[in-house]
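Numbering (the working numbering), first residue to last: 13 to 881.
Beta carbons: idealized from backbone N, C-alpha and C, even for Gly.
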C-alpha cells in the first residue's frame with residue numbers, strides 16, 4: 013500500500029510539473045462600458061470590462077493615457093492633454109480591447125483666421141474635437157457655422173457682434189479663445205508692407221484685411237496699375253515709375269486705407285544685412301546683401317569710410333568684398349550714381365579669434381569637433397579645452413572654421429582660442445563625458461506609462477539601464493551610441509531620468525514628467541482666501557491649480573502636495589492641476605462657500621437699505637437679519653448684495669445662504685427702534701445792542717430707549733442776522749438759505765451731542781432762533797424735537813425814557829420808535845405791599861419819531877420803565 017501511494021504521489025508531481033511548465037495565456041481586454049462619455053483633458057473616466065489586470069496601455073483614440081487598475085474588471089483612466097474624440101483602447105500582453113462607442117473630448121481651439129473682420133464675413137476656426145458642435149459664439153453672440161472637418165469650423169461673424177473671444181460649444185464641452193476677435197468695418201486696413209524701401213519696379217507685398225473687389229493701390233498718390241489682390245489679406249503691388257517717398261494707400265469699394273508707415277522710394281543702394289559681422293583687414297571676405305545693387309553700377313564700397321578694391325556681385329542682391337587695409341570699426345557703405353546706402357550696424361575690425369559655434373557640444377576625449385568663427389588662424393593660435401591644449405586644422409576660408417579633437421585629460425568647460433591680438437572664451441561649455449553616458453535630450457519629455465521615449469546623448473552602450481525617478485524600464489535598449497529607446501514603466505513617477513552603462517551613470521539627468529494624480533483635498537469646502545491642501549502625486553513643476561476654472565495662487569510643497577488659496581472668482585466645482593506631465597481633474601467638487609466681509613450701514617430701523625459685501629454670492633437663496641428673511645434682495649455681483657431690513661427683524665448677525673452654504677456676519681446688525689430725541693438751544697444774550705456777535709448753544713440728547721440713526725440738527729436763523737461760523741461736536745455743519753444743518757449720525761441712548769452757531773445781529777429787533785432735530789427712527793415725544801431762543805437787539809438810546817412836563821400838571825413820557833415793540837409799564841410810588849408793575853393802558857402817540865404817553869401828574873407819583881417783549 014505504501015508503494016502504491018508513493019507511485020501516485022510521483023505521478024501527481026509529474027502532472028503538476030508539466031502543467032506549470034506550459035505557457036500562461038491571458039485573455040485580451042474587453043471594454044464593455046465607460047463613464048462619463050464626455051469630458052475635457054484631465055477628466056477621470058471609469059472603464060468597465062475584463063482583462064484589465066495585466067493592462068499595459070490605455071488610449072483615447074490614438075493618444076496614450078494614464079490609468080490605474082482597481083480590478084480585472086475595472087480601471088480609471090485620465091483623458092490626456094492632446095486627446096481627440098474616438099474609441100477607448102485598452103491593451104495587455106494578449107491584445108487590445110476597443111470600446112464600441114466613442115469618448116467625446118471637449119473641443120480645443122488652436123487659432124482662427126482672420127484675427128479681425130467685419131460682420132457678416134467668414135472666419136475659419138482651427139482646433140480639435142469639433143464633431144458635435146452645437147454653437148459658435150462671437151463674444152457670446154451666436155452665429156451660423158459649418159463643421160467642415162473635425163479640426164475646422166467655418167463661421168460667419170454675426171450682425172451686432174462686438175470685440176471679444178470666440179467660443180465653440182459641443183456636446184462634450186466648450187472652448188474659448190484666449191485672444192479676442194476684433195470687429196472692424198468693411199473698409200480695408202493696411203497692417204504692413206514689405207520691403208519698406210525700393211526703386212520703381214520693385215515688388216511690394218501689402219498685408220492687411222478687407223482686400224476685396226476692385227482695388228486701387230497708390231504710392232504717395234501715384235497709382236500702381238499692376239496691383240492685384242492675391243488673398244483677402246494680401247495685395248501684390250509694384251512701385252510705379254513716378255512714385256515718390258510717402259505712404260501707401262489701398263482703395264476698395266468699401267473705402268480707403270492709408271499706411272501708418274512711409275514707403276521710401278530710392279534708387280540708391282540699401283544694405284539689409286552683411287556677414288560675417290567682424291573680421292580683419294586685408295583678409296576677411298564680407299558678403300553684403302541689400303537692394304538696388306543692380307539699378308546702377310556700384311561705384312564703391314566702404315568700411316567706415318575706407319574704400320575697397322575689387323567688388324564682385326554673385327547675385328543681384330549681393331556684393332562680396334575684402335575688408336580693406338587700414339579699415340576701422342564702423343558702418344559699411346555702398347555707393348552708386350543715385351546715392352549711398354549705409355548699414356545700420358557696424359562691422360567690427362579685429363584680429364583676435366572669435367568663436368561663433370562648435371559642434372558637437374559633448375563627447376569623450378578624441379571626439380572630433382568643428383569650430384566656426386573668424387580669425388581662427390590669424391598667426392600662431394592656441395586652442396584649449398578648459399585649459400588643456402588641443403591641435404587643430406584650418407578647414408574654412410579666411411580662417412572661419414577649424415577641425416580639432418577633444419584632447420586627453422580635458423574636462424568640461426569653455427573652449428578658448430588665443431593669438432597675438434587677443435583671446436576668446438566660449439560662453440557655453442564643452443562637456444567632456446569620458447566613458448560614462450551623458451543625456452542631452454528626451455523626446456518626449458513627458459508622458460504616461462507606456463509612452464515610448466527617445467533619449468539622445470552620448471556613450472550609450474548595451475546593456476543599458478534607464479530609470480524613471482528610480483523605476484527601471486527593463487526593455488530599454490541603446491540603438492546607437494547617441495540614442496536609447498525606452499518606455500515609461502508602470503510605476504514611474506516624475507523625477508530625474510538616469511542612464512547607466514557598464515562605464516557609469518549619467519550625471520546630468522533631466523526631469524521626465526508623468527501625468528499628475530489627484531487623490532484628495534482638504535478641507536472639501538471653504539471661502540475665498542482660505543487654504544486648501546491638495547494631495548496626489550507627480551505635482552513637480554505644476555503650472556496651474558484651478559478651482560472650477562478659476563486660477564489659484566499655489567505652492568508645490570512636495571511632489572505629492574500642493575497648498576492652494578481659493579481664488580476670488582472661484583465657484584463650486586472640481587479642482588484641476590496641470591503639470592508638464594499632463595492635467596488631472598478631481599472627481600469630487602470643492603464647495604466654495606459664501607463669506608460676508610462687511611455691511612453698511614451697521615444699524616438702522618426696519619426698511620433701512622443695506623449693502624452687503626463679501627465673496628461667492630452665487631445663486632443666493634436667502635438673506636436674513638437675525639433669522640428674519642429679507643422680503644427681497646438684489647445680487648449686484650458675486651461680491652455685493654443690496655437689500656433692506658425686513659419687518660420683524662431684531663438685532664443680530666446677517667446671513668447669506670447659497671446652495672453651497674451660509675455665510676454669517678462676524679458682527680451684528682443693530683435694528684433700531686423708536687426713541688425720544690430732544691433738542692435745546694440757548695442764546696448768549698437775551699438783550700444786546702446792534703452789531704454785536706450772538707452765539708447759540710445747541711444740545712441734542714437721545715433720551716432712549718434705543719439707538720437712533722441719521723440724526724440731523726437743523727437750525728433756522730432769525731431773519732436779518734449775518735452767519736459767521738457753526739461747529740459741531742460730531743461731524744461738520746453747513747449753512748445755506750438761512751439754515752444751519754449739522755448731520756450727527758448715530759446717537760446711543762443716554763448720550764448727546766452739541767453744536768455752536770455764531771451770528772452778527774446788525775439791526776434792532778426781536779430775534780427768534782429755531783432748532784429742530786430729526787432721525788430715521790420714529791420719535792416717542794415729538795414735542796421736544798424743537799426749541800426756541802429769543803434775543804432782543806436794541807440800542808441804549810432806543811430803550812431810554814425821557815420825561816417832560818406839559819401844561820396842566822401833566823407828565824409826558826417818551827422813547828424813540830424802533831423795531832422792538834416795547835411795552836411802557838408803571839409802578840405806583842406809595843402803593844403798599846400789593847404794588848406791582850402794570851402796563852400803561854393808553855397807547856403811545858408817535859410824535860416826531862418818538863413814542864409819547866401823557867400821564868396825569870395829579871394821580872400821584874409813579875415809576876416808569878420799558879419792558880421788552
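Three-state class that DSSP yields for residue i in the structure shown
i           : result
residue 685 : coil
residue 409 : helix
residue 586 : strand
residue 665 : strand
residue 101 : strand
residue 880 : coil
residue 154 : strand
residue 34  : With a pLDDT of only 47 at residue 34, under the threshold of 50, the placement of this residue in the model should not be trusted, and no figure is reported.
residue 809 : helix
residue 371 : strand
residue 863 : strand
residue 875 : strand
residue 471 : coil
residue 338 : coil
residue 486 : coil
residue 672 : coil
residue 851 : strand
Length of the line joining the Cα atoms of residue i and residue j
i           : j           : result
residue 548 : residue 506 : 12 Å
residue 269 : residue 262 : 5 Å
residue 150 : residue 134 : 12 Å
residue 656 : residue 190 : 41 Å
residue 62  : residue 113 : 17 Å
residue 423 : residue 401 : 12 Å
residue 579 : residue 565 : 7 Å
residue 289 : residue 368 : 11 Å
residue 830 : residue 740 : 35 Å
residue 249 : residue 282 : 20 Å
residue 523 : residue 502 : 17 Å
residue 789 : residue 681 : 15 Å
residue 514 : residue 398 : 27 Å
residue 34  : residue 567 : Because residue 34 carries a pLDDT of 47, less than 50, the predicted location of this residue cannot be relied on, and the following value inherits that uncertainty. If I take the Cα positions, the gap works out to 54 Å.
residue 894 : residue 854 : With the chain represented from 13 up to 881, any question about residue 894 goes unanswered, as that position is not in the structure.
residue 129 : residue 613 : 50 Å
Pick from the options that is closest to residue i, judged by C-alpha positions
i           : options               : result
residue 879 : 628, 832, 710 and 535 : 832
residue 714 : 748, 681, 760 and 746 : 760
residue 6   : 497, 105 and 359      : With the chain covering 13 to 881 only, the question about residue 6 has no answer from this structure.
residue 672 : 76, 680, 634 and 500  : 634
residue 137 : 122, 143 and 144      : 122
residue 509 : 530, 492, 63 and 478  : 478
residue 3   : 276, 321, 317 and 290 : As displayed, the chain neither begins before 13 nor continues past 881, which places residue 3 out of reach and without an answer.
residue 168 : 158, 175 and 461      : 158
residue 783 : 769, 415, 47 and 789  : 769
residue 318 : 325, 260, 347 and 427 : 347
residue 89  : 622, 779, 127 and 597 : 597
residue 743 : 817, 766, 437 and 751 : 766
residue 584 : 575, 604, 464 and 793 : 604
Assigned exposure category for residue i - 16 Cβ within 10 Å defines buried
i           : result
residue 273 : exposed
residue 294 : exposed
residue 458 : buried
residue 684 : buried
residue 592 : buried
residue 16  : Legend: pLDDT at residue 16 = 42, less than 50; position of this residue unreliable, no value from coordinates given.
residue 223 : buried
residue 454 : buried
residue 238 : exposed
residue 18  : Below a pLDDT of 50, predicted positions are generally treated as unreliable, and residue 18, at 38, falls in that range; no measurement from the model is reported.
Supposed close pair residue i, residue j - CB separation, criterion 8 Å
i           : j           : result
residue 528 : residue 577 : Contact doesn't hold; Cβ gap of about 19 Å is too wide.
residue 692 : residue 799 : 5 Å
residue 101 : residue 60  : Going by Cβ atoms, the distance from residue 101 to residue 60 rounds to 15 Å, so no, they are not a contact pair.
residue 235 : residue 126 : At roughly 26 Å, the Cβ-Cβ gap does not stay under 8 Å, so residue 235 and residue 126 are not in contact.
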